[in-house]
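Colleague:
Numbering (our numbering), first residue to last: 12 to 258.
Structure representation (structure tokens):
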């Protein structure tokens with residue numbers, strides 16, 4: 012959903028939980044669309060489904076549905092969907108909350124040399140992701156990966172297709188190694204490397220790892236423990252790129 016107006020139109024077109032269930036598979040499996048709809052029409056979901064949506068949002072999107080928001084949503088469940096589309100005050104409060112979150116994680120400006128390179132590649136959708144401090148584990152040649160915890164990221168940048176691909180494994184039984192997604196990485200000197208992006212599920216969050224040729228980037232840049240990096244993402248014809256900038 013690109014904007015609130017489009018979401019409201021979609022929600023308004025859903026007359027009840029029966030019509031929503033027609034859109035979902037059986038048994039219920041939450042999707043990104045369910046996360047969006049649940050924020051505006053939570054009464055369309057059962058308590059069990061809402062718990063699944065909350066877990067999906069935290070695990071795959073790195074966004075935890077706060078208890079205060081849940082309380083508001085529980086009260087809203089009793090309101091007809093027609094009234095919700097007219098509740099501009101509630102929408103305004105929600106918008107203000109999003110603005111506060113963005114202010115908390117203010118994005119630094121992308122350095123001019125990277126801006127020029129992105130322009131040369133005809134890239135777009137530049138998104139600041141996180142400040143990253145390199146730890147010993149990030150420099151371990153045996154691990155050969157850069158760890159990026161989802162709960163430290165300021166923006167959601169993965170497409171729904173990419174989220175699904177990050178779950179795919181080798182073999183037919185679904186128990187093989189994670190396949191990952193091939194991505195391009197620009198190092199601080201604008202050199203381009205091909206790496207694999209993989210997702211590891213942790214106890215409280217998930218971690219995205221840049222792997223396969225991460226050791227080459229470490230060696231080329233002489234990265235040291237406690238080195239500070241700024242990490243961005245952008246896209247070139249839908250291809251996912253990462254930017255690593257030394258601070």
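Ideal Cβ positions, reconstructed from N, Cα and C, are used throughout, including at glycine.
1. Please name the residue in 129, 145, 65, 40 whose C-alpha comes closest to that of residue 238.
2. What do you reckon, are the CB atoms on residue 136 and residue 253 nearer than 7 Å?
3. Nearest by alpha-carbon distance to residue 74: which of 43, 209, 56 is it?
4. Please report the distance separating the alpha-carbon of residue 131 from that of residue 201.
5. Suppose you measure from the CA of residue 211 to the CA of residue 256; what does that come to, to the nearest Å?
6. On the three-state DSSP scale, how would you describe residue 60?
7. When DSSP labels each residue in this structure, what does residue 244 get in the three-state scheme?
8. Which residue marks the beginning of the alpha helix (DSSP H) containing residue 123, and which one marks its end?
9. Excluding the 5 residues flanking residue 186 on each side, which residues of the same chain have their C-beta closer than 7 Å to its C-beta?
10. Return the residue from the list 165, 54, 193 that minimises the CA-CA distance to residue 220.
11. Count the CB pairs spanning the region 172-179 and the region 147-160 that are closer than 8 Å, and state whether there are at least three.
12. Would you kindly work out how many angstroms separate the C-alpha atoms of residue 171 and residue 40, rounded to a whole number?
13. As a quick exercise: from 55, 57, 119, 53, pick the residue whose alpha carbon is nearest that of residue 241.
14. Over what stretch of residues does the alpha helix (DSSP H) that includes residue 226 continue unbroken?
15. Please state whether the Cβ-Cβ distance between residue 223 and residue 206 is less than 7 Å.
Modeller: In brief:
1. Closest in C-alpha terms to residue 238, from the list 129, 145, 65, 40, comes 145.
2. Cβ distance not < 7 Å, so residue 136 and residue 253 don't count as in contact.
3. For residue 74, the closest of 43, 209, 56 by C-alpha to C-alpha distance is 43.
4. If I take the Cα positions, the gap works out to 12 Å.
5. In this structure, the CA atom of residue 211 is about 24 Å from the CA atom of residue 256.
6. The answer is helix: DSSP assigns residue 60 an H, G or I state.
7. DSSP places residue 244 in strand when its eight states are reduced to three.
8. 123-131 is the extent of the alpha helix (DSSP H) around residue 123.
9. Excluding sequence neighbours, residue 186 sits near 180.
10. Nearest of 165, 54, 193 to residue 220, Cα basis: 193.
11. Contact fails: fewer than three Cβ-Cβ distances are below 8 Å.
12. Rounded to the nearest whole angstrom, the C-alpha separation of residue 171 and residue 40 is 14 Å.
13. With distances taken between Cα atoms, residue 241 lies closest to 119.
14. Residue 226 -> alpha helix (DSSP H) spans 225-232.
15. By the CB criterion at 7 Å, residue 223 and residue 206 fall inside the cutoff.
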